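Structure, as structure tokens:
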Amino acid sequence: MFLVNWFSGILSWLGLANKRAKILFLGLDNAGKTTLLHMLKEKKVAQLEPTQHPHDEELTMGKLKFRVHDLGGHDVARELWADYFTAVDAVIFLVDCNDRDRFPEAKAELDKLLSNDQLVGVPFLVLGNKIDIQRAASEVELRSALGITHQLTGKSSKKADLPKGMRAMELYMVSVIKRQGYRDGFQWVAQYID
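Count along the sequence shown from 1, add 44, and you get the number used in the numbering used here.
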């Protein structure tokens, strides 16, 4: 019960209380999307199989209700991503910071998402996951590899400061299994969810 109350308190502090949102968890396979969803739902780490079929969860924490769609990241699953773009409030794009060989593939998928007409104006939170692994890429390296250095709006940016027509987008370095960093990312994206 302590963890539920703690997480509910955090959501209120993050500005997510009393909001309903549709959030997509996207990224290549093995980036940590399902692990993050499981961590948010069950509050614990588990050994999970790769996502073969899209699934969604409605999470209620405190006064927050949000539907998270975990769509998988393998080639076939990526073909279905666009089916979920309607009325989305935010995209959380996860990248495995330890898998440098797949950075070009992650960049290509992120570029497709950012150029999709259905996602114009939708805030993007990019989570560089697995920073707990010693050889993980740095934030500077990941920004460069994804080609997003000049698209980021800043961790201290506020919705009111964003020029009209500019997409809110930021990168946070995280370790889902160590429960590090994603709280700050969710706090950042929460301000852009109406």
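Every residue, glycine too, gets a C-beta built ideally from N, C-alpha and C.
Predicted, not measured: the structure shown is a model, and the values here were computed from it.
Bridge-paired residues (DSSP) for residue i
{"i": "A212", "result": "For A212, which the question treats as bridged, DSSP gives no partner whatsoever."}
{"i": "G71", "result": "L138"}
{"i": "Q224", "result": "S219"}
{"i": "V170", "result": "F137 and L215"}
Nearest-angstrom Cα separation, counted from residue j out to residue i
{"i": "L138", "j": "D205", "result": "26 Å"}
{"i": "D176", "j": "G165", "result": "32 Å"}
{"i": "Q178", "j": "N142", "result": "8 Å"}
{"i": "Q195", "j": "N160", "result": "15 Å"}
{"i": "K202", "j": "Q235", "result": "7 Å"}
{"i": "M135", "j": "K85", "result": "In the sequence as displayed, the identity of residue 135 is Val instead of Met. Approximately 18 Å, taken between the alpha carbons."}
{"i": "W125", "j": "E153", "result": "11 Å"}
{"i": "I67", "j": "L186", "result": "23 Å"}
{"i": "H82", "j": "K156", "result": "27 Å"}
{"i": "F230", "j": "F168", "result": "11 Å"}
{"i": "F69", "j": "D100", "result": "10 Å"}
{"i": "V233", "j": "L80", "result": "16 Å"}
{"i": "E149", "j": "P207", "result": "30 Å"}
{"i": "R211", "j": "E183", "result": "20 Å"}
{"i": "M213", "j": "G71", "result": "15 Å"}
Start and end residues, beta strand (DSSP E) containing residue i
{"i": "D140", "result": "A134 to D140"}
Own chain, CB closer than 8 Å to residue i, minus 5 neighbours either side, in chain order
{"i": "D228", "result": "K199 and Y216"}
{"i": "G209", "result": "G165"}
{"i": "G225", "result": "L171, I175, Y216, M217, V218 and S219"}
Cutoff 6 Å; reference residue i; Cβ partners in own chain excluding five residues on either side
{"i": "A189", "result": "F147"}
{"i": "Q162", "result": "F129"}
Any non-hydrogen atom of the ligand MN closer than 7 Å to residue i Cβ
{"i": "K151", "result": "With respect to the ligand MN, the structure offers nothing, as it holds no ligand at all."}
Within-8 Å CB hit, residue i to chain C
{"i": "P207", "result": "Reference to chain C is not applicable here, since this structure consists of a single protein chain."}
Residues near residue i in its chain [Cβ-Cβ closer than 7 Å; skip 5 each side]
{"i": "G191", "result": "K151"}
N-terminal and C-terminal residue of the alpha helix (DSSP H) that residue i is part of
{"i": "E123", "result": "Run containing E123: none; DSSP gives neither H nor E here."}
{"i": "R187", "result": "E183 to L190"}
Inset, instruction - Inspect the CB distances between the segment 69-81 and the segment 212-225 and report whether three or more fall short of 8 Å. - result: Yes: the two stretches touch, three or more of their Cβ pairs being nearer than 8 Å.
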